[in-house]
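A.B. asks:
In my numbering, the protein residues as written are 2 to 636.
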């Protein structure tokens, strides 16, 4: 019996020893840390790996109160947490499970532990200490923190993110994705990708392109549009890729979408604005321009090329000053360049430019400097308005007022002179019977009569210029009247000058004094002959025209309506603009002394204006001159 008891005890001791050996071996190979405390909370035992850790950290532990060991752990760490709760439960001799604590030392990764322990009692139930374990959960906690941060980032992203499972179902979305389509997360989660495409209105073309790119490249990138509930269009830029491309069996995909509707609308608005600007510039007669910080032209509208023949591309990259300097003549250009150099705005600065093609253009320029976002000078923008017609009209008006004043003065002088001539004529008629017939007296009387006749003719011309001569207007067949004059002219004009007619095929009738028309044709023909000393070609033409308000704005006394134009053209020496501007003035002549009175063109001008028409000169030096007379066709 005793032997059996001894055998049983021996077997139990052997089993206990084997169990302890197994536990010891297990403790030595696992990564977890184990420890025991005595009844005074002093460390009485730690597992070998825990011993190694504490020795490496140069912390005393055997027989040391656990509170001191923890204090040493925290003192040496950069950050720590959770230990107060553990110490409190140990002090209260209470069991605890999975309390999270951590420490992190300088230059080392953070270490997280899950701590659990329970009190130890003897057979009599007396408290003997605590036995516990600290499980290293650093990797799990790091993964959890990473997932949490990713979730926060995902939830806060402005781009919409959706994760599609292998079966094509939505397994996760962020708020931005829900906002793009106006659907809740509950509605989207679990929805098939095909159903989503139909629900939100993706275009078939886009879906086919995405499938094709995924098959060929494993990813896609595309700008798309969808039709929203109100019938409008929403624009989306998206990209997608396989989450685990190394695993062919894992078809989990991520799509990232960005709502670019506002950007597209801004682009469309910008394009429309640019198109409106181009349309306005194209339709405008103003010259619109822009320069860079070096004052070189970066933009110039098509008007300049259309008006002057200068290529826009030949001007880009040139300064305004150098561009103006290449022209034949510029008035106001140097002052404009100085203003631009001063970086000051300007308004209605007048310039006058004569281009290589001989065309002179007057402009009113306005501009202002512009600056970039940092406030740096970026160049000038401005426009130059073509005021050539306005300047010409003002010049014509000034000339008309001048001619009117000269006409009034000439008329007054002519009337006074005519009164003197009449007195002389009457006295000569009274004197003539008293002159002896056998002396030289009768010859002197004839000479006086011829002088009075020439003076009377001069007076008549002066009155014609001043539009105060007595006319006898009638509806006249002008072509026939001109032919009669030309019959005489061809006998008197130099044989080296050929005369050609170019009459209208229509009825050429006008209300005018036929005798004065003949005089006007004669005067113009004689002037043409003088302009062609070596011979040439003269054309007398007629043409029916209709004058609008725009045509007569330089001639306020002329009415809108139908007119007959009688023109005399020569290919002689021509006139300069300065000479042409004075050609109708009385006594103005370019002929040598004794070869002309300077009243020929002034008489023509006065006759036509008195006939409610107007005259116009087109002349180019070295090419010839055309004088046009406009007569109203109706009374």
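Positions of the beta carbon are idealized from the N, C-alpha and C atoms, including for glycine.
With burial defined as no fewer than 16 other Cβ atoms inside 10 Å of the residue's Cβ, what is the status of residue 604: buried or exposed?
C.D. replies: buried
A.B. asks: Answer with yes or no whether the minimum CB distance from residue 496 to chain C is below 7 Å.
C.D. replies: Included in the structure is just one protein chain, with no chain C present.
A.B. asks: Using C-beta distances below 6 Å, list every residue in its chain close to residue 340, excluding the 5 sequence neighbours before and after it, in chain order.
C.D. replies: 347
A.B. asks: Give me the residue from 174, 166, 167 with the minimum Cα distance to residue 160.
C.D. replies: 174
A.B. asks: For residue 513, does the three-state DSSP call read helix, strand or coil?
C.D. replies: DSSP, reduced to helix, strand and coil, places residue 513 within a strand of the structure shown.
A.B. asks: My understanding is that residue 193 touches residue 169, with C-beta atoms under 8 Å, so please give their C-beta distance in whole angstroms.
C.D. replies: 5 Å
A.B. asks: For the alpha helix (DSSP H) containing residue 90, list its first residue and its last residue.
C.D. replies: 84-92
A.B. asks: Going by the beta-carbon positions, is the gap between residue 66 and residue 94 smaller than 7 Å?
C.D. replies: Cβ atoms of residue 66 and residue 94: not closer than 7 Å.
A.B. asks: Taking the alpha helix (DSSP H) that residue 214 falls in, what are its first and last residues?
C.D. replies: Start and end: 205-218.
A.B. asks: Roughly how many angstroms separate the alpha carbons of residue 343 and residue 317, rounded to a whole number?
C.D. replies: 22 Å
A.B. asks: Hey, how far is the Cα of residue 574 from the Cα of residue 361?
C.D. replies: 21 Å
A.B. asks: Could you spell out where the beta strand (DSSP E) holding residue 504 opens and where it closes?
C.D. replies: No beta strand (DSSP E) contains residue 504, which DSSP labels as neither H nor E.
A.B. asks: Here's the rule: buried if 16 or more other CB atoms are within 10 angstroms of the residue's CB, otherwise exposed. What is residue 335?
C.D. replies: exposed
A.B. asks: Tell me, please, which residues DSSP counts as bridged to residue 524.
C.D. replies: Residue pairing by DSSP places residue 524 in no beta bridge whatsoever.
A.B. asks: Residue 635 to residue 473, Cα distance in whole Å?
C.D. replies: 15 Å
A.B. asks: Counting C-beta neighbours from all protein chains within 10 Å, is the total for residue 246 16 or more, i.e. buried, or is it exposed?
C.D. replies: exposed
A.B. asks: By the DSSP assignment, the alpha helix (DSSP H) with residue 315 in it spans what residues?
C.D. replies: 313-316
A.B. asks: With DSSP as the reference, label residue 197 as helix, strand or coil.
C.D. replies: helix
A.B. asks: Within 10 Å of its beta-carbon, does residue 612 have 16 or more other beta-carbons around it, so buried, or fewer, so exposed?
C.D. replies: buried
A.B. asks: Quick one: what's got a C-beta closer than 6 Å to residue 499's C-beta in the same chain, skipping five residues either side?
C.D. replies: Excluding positions up to five away in sequence, the list reads 538.
A.B. asks: Within the chosen definition, does the region 617-627 reach the region 564-581 through at least 3 CB pairs nearer than 8 Å?
C.D. replies: yes
A.B. asks: Could you check which residue in 518, 527, 186, 528 has the C-alpha nearest to that of residue 543?
C.D. replies: 518
A.B. asks: Does the region 286-297 come within contact of the region 249-263, defined as at least 3 CB pairs closer than 8 Å?
C.D. replies: no
A.B. asks: How is the alpha helix (DSSP H) around residue 54 delimited, first residue to last?
C.D. replies: Where residue 54 is concerned, the enclosing alpha helix (DSSP H) stretches over 49-57.
A.B. asks: According to DSSP, is residue 379 helix, strand or coil?
C.D. replies: Residue state, collapsed to three classes: strand.
A.B. asks: Just to confirm my understanding: we take residue 28, look at its own chain, exclude 5 residues before and 5 after, and list those with CB closer than 6 Å. What are they?
C.D. replies: Confidence in residue 28 is poor, its pLDDT being 46 and thus under 50, which makes the residue's placement unreliable; the coordinate value appears in the next sentence. So the qualifying residues of the chain are 35, 48.
A.B. asks: Provide the residue span of the alpha helix (DSSP H) that contains residue 492, from first to last.
C.D. replies: 479-493
A.B. asks: Quick one: what's residue 161 bridged to in DSSP?
C.D. replies: 258
A.B. asks: Hey, out of 527, 352, 180, 208, whose CA is closest to residue 569's CA?
C.D. replies: Nearest to residue 569 by alpha-carbon distance, out of 527, 352, 180, 208, is 527.
A.B. asks: Residue 171 to residue 165, Cα distance in whole Å?
C.D. replies: 5 Å
A.B. asks: Could you tell me how far apart the beta carbons of residue 255 and residue 239 are, in whole angstroms, since I believe they sit closer than 8 Å?
C.D. replies: Between residue 239 and residue 255 the Cβ distance is about 11 Å, and since that is not below 8 Å, they are no contact.
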